[in-house]
Amino acid sequence: MKDMESAANRFYMKCLKNFIYCSDEYQGKNTHLTVQHLTCKTEYKIQPSRYMYGEYSRARCPKCSPYVNKLLRHHARGRISSHDLLGIVKSNGWETRLDDLEYELLDRDFKVYSKNKKAPNR
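Per the numbering used here: the sequence shown = residues 195 to 316.
Given below as structure tokens:
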């Protein structure tokens with residue numbers, strides 16, 4: 195019972211941090227909950243396990259996610275920097291998993307850097 199309470203607290207804290215209001219009570223990690231994205235007032239259902247740890251795309255607001263996906267495509271092509279992308283997304287409040295977006299961008303930047311970096315001469 196205590197584990198479920200701590201999981202619920204972590205879920206609610208992450209929701210509040212990312213401008214999401216959960217209108218249903220947490221019943222378990224696999225039950226669908228109705229949430230509302232406070233930026234665009236869109237209601238949709240998510241599973242807490244997917245939102246916290248799982249699939250990145252299914253945890254986003256369906257109304258705001260096309261904007262974020264378009265920016266991510268521009269970032270992949272090198273048209274926009276990670277810093278600018280995060281600034282745009284934060285200022286508009288589009289992302290519902292901002293921590294995960296930051297980690298994804300760091301991972302992308304590291305892969306590009308390590309790919310372009312020359313091996314040291316030995």
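Note that CB positions come from ideal geometry on N, CA and C, so glycine has one too.
List the whole-angstrom C-beta distance separating TYR245 from ALA253, where the pair is believed to meet the contact cut-off of C-beta under 8 Å. 4 Å
Using 8 Å as the threshold, is the C-beta distance between PHE213 and LEU232 below it? yes
I want to know whether the segment 205 to 223 touches the segment 234 to 243 - three or more CB-CB distances under 8 Å. yes
Taking only three categories from DSSP, how would you classify PRO314? Because the pLDDT of PRO314 is 43, which lies under 50, any placement of that residue in the model is unreliable, and the question is left without a value.
Buried versus exposed, by CB contacts within 10 Å (16 or more), HIS269: buried
Using 8 Å for Cβ pairs, my map puts VAL283 next to LEU295. What's the rounded Cβ distance? 7 Å
Measuring alpha carbon to alpha carbon, tell me which of GLU237, THR236, ARG302 and THR225 ends up nearest LEU266. ARG302
7 Å Cβ shell around CYS234 - same chain, five flanking residues per side excluded: CYS255, LYS257 and CYS258
Contacts around GLY281, its chain only, beta-carbon distance under 7 Å, and the 5 residues preceding and following it disregarded: none
Option nearest LYS211 by Cα separation, candidates GLU289, GLU298 and PHE304: GLU289
Pull the bridge partners of HIS269 from the DSSP assignment, please. Beta-bridge pairing links HIS269 to no other residue.
Beta-bridge partners of LYS264, as assigned by DSSP: Paired residues: none, contrary to the question.
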